[in-house]
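The sequence shown begins at 8 in the numbering used here and counts up by one. Here a beta-carbon is modelled for each residue, glycine too, at the ideal position from N, C-alpha and C. Note that this is a predicted model, so its numbers are computed, not measured. Note sheet for the following structure.
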Amino acid sequence: SNTHKRAKARHSRRKDKEGKKEARKRKKTEMSWKAALSSTVRELRFNFCPKGESSTGVRNFVEGNYHVLRHLNPATALLIRNAPGIEPRITACYDFGKEEMVSVSDMSSEDVEKTIQHLVKKGMSMPVSGEREIFTAWTI
């Protein structure tokens, strides 16, 4: 029975270690897209209602992530636009005047994050202006 307790404790420590490893991997993936934002997106606009229920997810995302995004992407314009009664949306502006607007109405904060990840990924397949490549090289 003492042997059983030790085996159980070893198993528990192994599970904790695996859980921590997964959390680090998740955090690294999360940080990588946040850092990649500036290499693909010139401007990210958040439009939402300051009190509307359909804007709760995007408001929570902005409150919880704005400072990290700003710190990791100082050259990218992050614009927050509050207006009563508007449908919450995010607009990504890429090089050569291309824009993508996505409604984030009634989305959770996690869904808003996935939407932005998609916008960043989409930007990776778009052409980059020569001016942008030089600027990006200097900021790295």
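Below 8 Å on the Cβ atoms is my contact criterion, and I expect S45 with A82 to pass it. Report the Cβ-Cβ distance as a whole number of Å.
In the sequence shown, the residue the question calls residue 45 occupies position 38. In the sequence shown, the residue the question calls residue 82 occupies position 75. So it is a contact: roughly 5 Å between Cβ atoms.
What is the C-beta distance between S115 and G64, in whole angstroms, given that I count them as a contact (C-beta under 8 Å)?
The residue you call residue 115 lines up with position 108 of the sequence shown. The residue you call residue 64 lines up with position 57 of the sequence shown. Contact holds; Cβ gap of about 5 Å.
How would you label P95, buried or exposed, when you count the other beta carbons within 10 angstroms and need 16 or more for buried?
The residue given as residue 95 occupies position 88 in the sequence shown. Classification of P95: buried, given that the 10 Å Cβ count is 16 or more.
What are the boundary residues of the beta strand (DSSP E) that T98 is part of?
Your numbering for residue 98 matches position 91 in the sequence shown. Residues 96–100.
Quick check: what's the CA-CA separation for S110 versus E50?
Numbered from 1 along the sequence shown, position 103 holds the residue referred to as residue 110. Numbered from 1 along the sequence shown, position 43 holds the residue referred to as residue 50. Taking the straight line joining both Cα atoms gives about 17 Å.
Cα-Cα, which of K128, M133, K129, I123 is closest to L85?
Stepping through the sequence shown from its first residue, residue 85 is reached at position 78. Per the Cα distances, I123.
DSSP three-state call for A84: helix, strand or coil?
Counted from its first residue, the sequence shown places residue 84 at position 77. Looking at A84 - three-state DSSP - the assignment turns out to be strand.
Am I right that L126 and A99 are in contact with their C-beta atoms under 8 Å? What's the rounded C-beta distance?
In the sequence shown, counting from the first residue as 1, residue 126 sits at position 119. In the sequence shown, counting from the first residue as 1, residue 99 sits at position 92. Contact check for L126 and A99: beta-carbon distance about 4 Å, within the 8 Å limit, so the pair qualifies.
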